[in-house]
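Undergrad: Numbering (mature numbering (1 follows the signal peptide of the UniProt record, and there is no 0)), first residue to last: -28 to -1, 1 to 77. Note that beta-carbon positions come from the ideal geometry of N, C-alpha and C, so glycine has one too.
#1: Who are the near neighbours of residue 35 in its chain, counting only those whose CB is closer than 6 Å to its CB and skipping five residues on each side?
#2: Going by DSSP, which residues form a beta bridge with residue 32?
#3: Taking just the CA atoms, how far does residue 19 sit from residue 59?
#4: Relative to the C-alpha of residue 3, which candidate in 29, 55, 28 has its C-alpha closest?
#5: Ends of the beta strand (DSSP E) at residue 13?
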């Protein structure tokens, strides 16, 4: 039970951090908007395509978009449909894909 309790608080903290970042000043260059608009912008400007996503409880979805050249973007979408670019970078490397039989994930 202690494991579930601590994991729950870690998940809540991650959601809080994502939402807090969306309220930073324009100086931080957090970009938010409609999900389809953000995804279209990533495709047009950086040729990025979604390679995966994960659900954060009932509060958000985190998606990762990657281009063939290795640029990547992490997108967080809340339950109201507002999407914000959470992180970006270069040098994305794919590792061994996760399978249904993977343990401990």
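TA: Taking the structure as given:
#1: The answer, listed in chain order, is 22, 25, 47.
#2: According to DSSP, residue 32 bridges with 28, 50.
#3: If you take the alpha carbons of residue 59 and residue 19, they lie about 17 Å apart.
#4: Selected option, being the one with the closest Cα: 55.
#5: Here residue 13 belongs to no beta strand (DSSP E); instead the alpha helix (DSSP H) covers 7 to 18.
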